[in-house]
Structure formats: C-alpha cells, structure tokens
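Have a look at the structure below, then the notes.
Numbering (the UniProt record's numbering), first residue to last: 1 to 169.
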C-alpha cells in the first residue's frame, strides 16, 4: 500500500498489501493527536522508516510504561508512523494510506466516542484484547526491530497518559 504525508515530501510503501489490523481509536489522546473525533491506526510488521532527514519525532511514555515514538513530516507536520521499541509492529496513521478497507476497522475506546459507531462494527469499550486478527497484546509483545529513528534519541519529558491506547498515542 502506498502512503504519504500531506505535502508529499515523505512517501513509502507498506511491507504488506493490507494491514495486520486496522483500528479506529476514540481515546482522548488520539483525539488530541488528530485534532478530530478519533484516530486511525493500520498495523504493519516493522519496516525501515522513510528518510529520517524528512522526519521529526515526538516521544512520550505510555500507560503500560513503554515509550511511544511518533514520527511526522518536518515540512507539513503530518503524523505518519508510531512505534514502540522492541515491538514487532508499527502503527501507520490510516489517513496517509491509499486504499484501506475501512469496513474491516475495529473501533476501540468506544466508551469515549464523540461520534456514532457504524452498526455492525467490531467494538471494544477500551483497548482491544482479542480480535479476528488475533490477540492484540500478543502481536505487540513480539520482539522486533525498526531501523531508522527520525531523530528520536532524547527521552520524552511528557508524562504517561492514562485512558489512552497503546497503538496510536
């Protein structure tokens, strides 16, 4: 699948033709991050980041004690990829990917939803524990390595956010 930022400076191809999972998250952190009613995350196996000279990074601790690295285009600010070190998957922000099948999306943190959830959608009031894709936590807990760092070296000065998802921060 092809993905790119709003200005087109950063573009990349995902490692699979479809994501391992597709989430629409209604947690407060995803709403803040997107300045919208929800965030979207397409989960893929780890892959090399696009040219790190084109990326900036914001990092913060997650409620579970991991560190979340959030990569965005230095030029237009489009949030593109979220990673957690030692995990075997990355979260690519759904809005930057062409051709996603949104009918397969799983809605998480629906207890915080600001908009109606489409009838028939798979939903979870908080984080998704097990879905048709398999166990979310087992998928996230597999070791992996992401190459490139987009400039994320310094520890985050932000505090852990409670009531937020681990996938899309």
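Ideal placement from N, C-alpha and C gives every residue a C-beta, glycine not left out.
Count the other C-beta atoms from every protein chain shown that fall within 10 angstroms of the C-beta of residue i, then say buried if there are 16 or more, exposed otherwise.
{"i": "residue 6", "result": "exposed"}
{"i": "residue 13", "result": "exposed"}
{"i": "residue 94", "result": "buried"}
{"i": "residue 76", "result": "exposed"}
{"i": "residue 109", "result": "buried"}
{"i": "residue 136", "result": "Its pLDDT being 49, under 50, residue 136 is placed unreliably in this model, and the coordinates cannot settle the point."}
{"i": "residue 172", "result": "This structure cannot speak to residue 172, because the chain is shown only from 1 to 169."}
{"i": "residue 29", "result": "buried"}
{"i": "residue 80", "result": "buried"}
{"i": "residue 100", "result": "buried"}
{"i": "residue 87", "result": "buried"}
{"i": "residue 125", "result": "exposed"}
{"i": "residue 59", "result": "buried"}
{"i": "residue 19", "result": "buried"}
Can you pull the DSSP bridge partners for residue i?
{"i": "residue 82", "result": "70, 91"}
{"i": "residue 108", "result": "25"}
{"i": "residue 12", "result": "3"}
{"i": "residue 116", "result": "Beta-bridge pairing links residue 116 to no other residue."}
{"i": "residue 57", "result": "71"}
{"i": "residue 45", "result": "89"}
Could you check what DSSP says for residue i in three-state terms: helix, strand or coil?
{"i": "residue 98", "result": "coil"}
{"i": "residue 22", "result": "strand"}
{"i": "residue 122", "result": "strand"}
{"i": "residue 40", "result": "strand"}
{"i": "residue 29", "result": "helix"}
{"i": "residue 52", "result": "helix"}
{"i": "residue 17", "result": "coil"}
{"i": "residue 34", "result": "helix"}
When you compare each of the options to residue i by their alpha carbons, which one comes out closest?
{"i": "residue 89", "options": "33, 127, 47", "result": "47"}
{"i": "residue 74", "options": "84, 92, 51, 83", "result": "51"}
{"i": "residue 181", "options": "62, 8, 21", "result": "With the chain represented from 1 up to 169, any question about residue 181 goes unanswered, as that position is not in the structure."}
{"i": "residue 9", "options": "107, 56, 103, 114", "result": "56"}
{"i": "residue 104", "options": "33, 23, 11", "result": "23"}
{"i": "residue 85", "options": "69, 98, 43", "result": "69"}
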